[in-house]
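Same order as they appear, the protein sequences are chains V and X. Each number in our numbering comes from the position in the first sequence (counting from 1) with 28 added on. Each number in our numbering comes from the position in the second sequence (counting from 1) with 5 added on. As structure tokens, the structure follows; a few thoughts come after it.
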Amino acid sequence: MARTTSRPLSPHLTIWKWGPAMAVSIMHRVTGNGLATVGALGLVWWLMAAASGPEAYATFVKCATSPIGYLVMAGLSWFFFQHLFSGLRHFVLDMGAGYELKNNKLWSLLTFVLSVLATLAFWAAICTGKF
Amino acid sequence: MGTGTGIGRVRGLGSARHGAHHWLAQRYTAVGNLLLVLWLLFSLIALPGLDYQSVHNWIAHPLVAVPLMLMIVSIFWHLRLGMQVMLEDYVHDKGLAFLSMLLLNFYAFGGAAAGVFAIAKIAFTGIVK
């Protein structure tokens, strides 16, 4: 694309230095759209299978408990908790708090730590409860 | 609109005071999702099993079916607003932008209808042995 080289280029992903705040913002969009497509379709599939009868439900369980099924469910659960914690971070930022550089960096990093811990706790609870 | 004076144009095309509606609805449904999806996850952990009978008979309970329906509405409303923002950022062609909004709305309303219908069917079928 033709560009006037004497003019500055608008800062974008390739220009900015990566940092926690940028990563958590990008991940909020990635996880949100992942949940909105794969997550929502999976949820509706589960409900439709339960409404359609034992055979349809067995088909759902067979797919969900395949190696790829577990990978998708594990990924979706981490996406959910990541979107949850970065969403909570958004609520704090919406109130005008948490913009100090140190605090912002700390809470950005903490969303990743908390989402991983929550995902592990969720699967530990599922695995010890049944199956 | 025509070519009136500046103030005339503003009167015809000024703020409808609905500018924050999209932003607010995104937050309302975010709180809805936060509460309802966490409730679903804790419920799934607490269920005796995730087999057909356990899941069907759990959903059949009115105090489960109603919040589950609300969860579906909150989720699809929230994802419609969120994906709209994403598409507005990345789809620049006007025709494609219109098409993407059309498909997004079909998806959001279709998915929500399917989810709510499935829950309603389970609830009205009642307990299966």
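Positions of the beta carbon are idealized from the N, C-alpha and C atoms, including for glycine.
For residue i, does the count of other Cβ atoms within 10 angstroms reach 16, so buried, or fall short, so exposed?
i        : result
ARG31/V  : exposed
LEU148/V : exposed
PHE47/X  : exposed
GLY115/X : exposed
THR34/X  : buried
TYR127/V : exposed
VAL42/X  : buried
TRP135/V : buried
PRO98/V  : Note that residue 98/V is Tyr in the sequence shown here, rather than Pro. So TYR98/V ends up on the exposed side.
VAL71/X  : exposed
HIS61/X  : buried
PHE111/X : exposed
LEU29/X  : exposed
GLY81/V  : exposed
LEU108/X : exposed
HIS83/X  : buried
GLY24/X  : exposed
Interface residues of chain V around residue i at Cβ under 8 angstroms?
i        : result
LYS126/X : ALA79
In angstroms with no decimal places, state the Cα-to-Cα distance between residue i and residue j.
i        : j        : result
LEU101/X : TRP63/X  : 43 angstroms
ALA92/V  : LEU55/X  : 12 angstroms
ALA65/X  : GLY120/X : 14 angstroms
PRO48/V  : ILE127/X : 44 angstroms
LEU68/X  : THR130/X : 15 angstroms
THR42/V  : THR33/V  : 17 angstroms
LYS90/V  : ALA77/V  : 12 angstroms
ALA118/X : ARG117/V : 31 angstroms
ALA37/X  : GLY124/V : For the sequence presented, residue 37/X should be read as Gly rather than Ala. Roughly 22 angstroms separates the two Cα atoms.
THR156/V : ALA51/X  : 11 angstroms
LEU40/X  : ASN132/V : 25 angstroms
PHE119/V : GLU83/V  : 43 angstroms
VAL73/X  : GLY87/X  : Reading the sequence as shown, one finds Leu at residue 73/X and not Val. Taking the straight line from one Cα to the other gives about 21 angstroms.
LEU69/V  : ILE12/X  : 48 angstroms
TRP44/V  : PRO36/V  : 13 angstroms
ILE124/X : LEU75/V  : 7 angstroms
ALA152/V : LYS99/X  : 48 angstroms
ARG32/X  : SER79/X  : 11 angstroms
ILE154/V : VAL90/X  : 34 angstroms
LEU121/V : HIS27/X  : 18 angstroms
SER59/X  : ALA79/V  : 13 angstroms
What does residue i touch in chain X if you count any residue whose Cβ is under 8 angstroms from its own?
i        : result
ILE54/V  : By Cβ distance, chain X contributes nothing, its closest Cβ being about 12 angstroms from ILE54/V, past 8 angstroms.
GLY115/V : ALA35, LEU39
Which residues in the same chain as residue i place their Cβ atom closer than 7 angstroms to its Cβ, once the five residues preceding and following it in sequence are excluded?
i        : result
SER114/V : VAL52, MET55, HIS56, THR139
ILE132/X : ASN62, ALA65
Enumerate in chain order the residues of its own chain whose CB-to-CB distance from residue i is below 6 angstroms, with the five nearest sequence positions on each side excluded.
i        : result
VAL96/X  : ALA102, SER105
ALA113/X : PHE81, ARG85
TRP46/V  : none
Which residues in chain V sit within 7 angstroms of residue i, going by Cβ to Cβ distance?
i        : result
ILE50/X  : ALA153, ILE154, GLY157
SER132/X : The sequence given here places Ile at residue 132/X; Ser does not occur at that position. Ordered by position in chain V, no residue passes the 7 angstroms Cβ test against ILE132/X, which lies about 13 angstroms from the chain.
LEU46/X  : PHE150
Going by beta carbon distance, what residues of the same chain come within less than 8 angstroms of residue i, once the five residues before and after it are set aside?
i        : result
GLY60/V  : HIS111
LEU75/X  : GLY37, LEU41
PHE150/V : SER105, PHE109
GLU93/X  : ALA102
LEU45/X  : LEU73, MET76
LEU63/V  : LEU104, PHE107, PHE108, HIS111
Just to make sure I have the definition right: I need the residues of chain V whose C-beta is within less than 9 angstroms of the C-beta of residue i. Which are they?
i        : result
VAL42/X  : PHE108, LEU112
PHE129/X : Those do not exist, as PHE129/X stays about 10 angstroms from chain V at its closest Cβ, beyond 9 angstroms.
For a contact meaning CB atoms closer than 9 angstroms, what does residue i contact in chain X?
i       : result
ARG35/V : None at all; the shortest Cβ gap to chain X is about 20 angstroms.
Nearer than 6 angstroms: is that true of the beta carbon of residue i relative to any heavy atom of the ligand MN?
i        : result
ALA119/X : This structure lacks the ligand MN; in fact it carries no ligand of any kind.
Under 7 angstroms Cβ-Cβ, which residues of chain X neighbour residue i?
i       : result
TYR85/V : TYR57
GLY60/V : GLY87
| field | Contact list for the region 56 to 70 of chain X against chain V, Cβ threshold 7 angstroms | value | TYR57, VAL60, HIS61, ILE64
| message | Under 7 angstroms, CB to CB, which of the residues in the region 109 to 126 of chain X have a partner in chain V? | response | GLY116, ALA119, GLY120, ALA123, ILE124, LYS126
| If contact means a Cβ-Cβ distance below 7 angstroms, which residues of the region 83 to 98 of chain X contact chain V? | LEU84, GLY87, MET88, MET91
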